[in-house]
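Everything below concerns the one structure shown next.
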Amino acid sequence: MRALTFEPGSEGTLDVREVPDPRRGQGELLVEGLAVGICGTDRELIGAGYGWPPPGEERMVIGHESLGRVLEAPDGSAFSPGELVAGVVRRPDPAPCGACARGEFDMCRNGGYTERGIKELDGFASERWTVEAGYAVKVDRALESVGALVEPASVVAKAWEQIERIGARSWFEPRTLLVTGAGPIGLLAALLGRQRGLEVHVLDRSGPGLKSSLVEGIGATYHSGSSLAEFAEAKPDLIIECTGAGPLVIDAMTTTAAAGIVCLCGLSPGGRSHRVDAGVINRDIVLENDVVFGTVNGNLRHYRDAAAALAKADLGWLERLITRRVPLTRALEAFEPAGHDNVKTVIDLTA
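Quick note: the sequence shown uses the UniProt record's numbering, first residue 1, plus one each step.
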């Protein structure tokens, strides 16, 4: 069968190759790969930023944003042939930390976890793959064209769970949300904010175009720019920061209303310095009981929440998020630069 593989730690090694067909182990599903989404993590992996192959191997299959159709399922499982599924990315540390031992493997404390397509486990960018039934999530059949969005939506679902847990420390009835960045994570964060009935604003550097249309399509307000200055007076209750841009990260910490929450979802590049008045940030956070936290990855329940949120969304809107579809035979094109209005690239594993 064909799979998209690379050699972690070495640039220029990404290639579609023939690999052995997977063998379904006890308790596993055998799945026909339908699609895999491409994100910044994948680009960092093939750029030798990080990545760890399976033990004893030099290459690994890439891809962690999965969608597939069940071919075979173990007796007594909750799955049947023909159903659509997404595979959970992370697995707990086999010598678990306290979080992993309690099923909270997305919050691993010692780094001993493994991850499909990233760390010591093959990913999902292949014509067939296997997954333990306990790490698979059903996807509504109506979502076949957009099911690869479940994984990025799981990151957002986790962010919302954490926001709501933090808010529950006191009276919590937020009205306004600001999302910085109109990439896939930002747009999905805005979608889940609208599903919660919030007034949602999205800030992105792009001018009018697809991104602004997508924001307006869910009843949110689009702002073109690279500064939070316009929000300095009418401060939002919540900010979900999805760009990783240093100035936005810093400004977000002092731009929420009192008892506001800032969720950092974007990753900032290192090696850049910014002038910061640490005293102002400290006083604002302390005196207003603000919270700033980071989040990454998702647990099994977050995948389920994500699949449910996507099933409630407008299918046409979700389909517009996927702006580029590339067949597996030309998979390397998925990693080439795209226009400023590109939102999400997906590889079709059946073509």
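C-beta: ideal position from N, C-alpha, C; glycine also. Quantities reported herein were computed from a predicted structural model and do not represent experimental measurements.
Residue from the options with nearest C-alpha to residue i
i, options, result
"Ala220", "Leu228, Lys211, Ser227, Ser226", "Lys211"
"Thr243", "Pro327, Glu230, Pro269", "Pro269"
"Ile239", "Leu14, Asp106, Phe335, Gln162", "Gln162"
"Phe293", "Ile250, Trp317, Leu332, Val70", "Ile250"
"Phe124", "Ser224, Arg304, Gly68", "Gly68"
"Thr176", "Leu188, Ala182, Val202", "Val202"
"Asp140", "Trp317, Phe172, Val346, Ala86", "Ala86"
"Ile218", "Pro152, Ser126, Ala313", "Ala313"
"Val88", "Asp122, Asp75, Val16", "Asp122"
"Thr295", "Val137, Ala95, Pro152", "Pro152"
"residue 352", "Val137, Tyr135, Ala234, Gly207", "The first residue shown for the chain is 1 and the last is 351, placing residue 352 beyond what the model contains."
"Ala229", "Thr256, Gly260, Glu32", "Thr256"
"Ser80", "Gly56, Ala101, Ile118, Glu32", "Glu32"
"Cys263", "Arg324, Leu71, Ala159", "Ala159"
"Leu332", "Val346, Arg23, Val70, Thr323", "Val346"
DSSP three-state assignment for residue i, whether helix, strand or coil
i, result
"Ser226", "coil"
"Gly33", "strand"
"Lys235", "coil"
"Ser66", "strand"
"Leu71", "strand"
"Glu44", "helix"
"Glu104", "coil"
"Glu28", "strand"
"Val61", "strand"
"Glu18", "strand"
Residue i: first and last residue of the uninterrupted beta strand (DSSP E) it sits in
i, result
"Leu287", "No beta strand (DSSP E) holds Leu287; the alpha helix (DSSP H) holding it covers 278 to 287."
"His302", "His302 -> not in any beta strand (DSSP E); alpha helix (DSSP H) instead, spanning 300 to 312."
"Val131", "128 to 132"
"Arg2", "2 to 6"
"Cys263", "261 to 264"
"Leu84", "84 to 87"
"Val139", "136 to 139"
"Val291", "291 to 294"
Paired residues, beta bridge with residue i - DSSP
i, result
"Pro327", "Asp348"
"Lys119", "Trp52, Glu115"
"His201", "Leu178, Thr221"
Limits of the unbroken alpha helix (DSSP H) element including residue i
i, result
"Gly12", "Gly12 -> no alpha helix (DSSP H), and no H or E assigned at all."
"Glu115", "That residue, Glu115, is in no alpha helix (DSSP H); its beta strand (DSSP E) goes 114 to 116."
"residue 359", "The question about residue 359 has no answer, for the chain in this structure spans 1 to 351."
"Gly246", "246 to 252"
"Asp332", "The identity of residue 332 in the sequence shown is Leu, whereas the question assumes Asp. Run containing Leu332: none; DSSP gives neither H nor E here."
Beta-carbon proximity check, residue i vs residue j, cutoff 9 Å
i, j, result
"Ala306", "Val131", "no"
"Met1", "Arg128", "yes"
"Leu315", "Ala142", "yes"
"Gly37", "Glu83", "no"
"Leu14", "Ile62", "yes"
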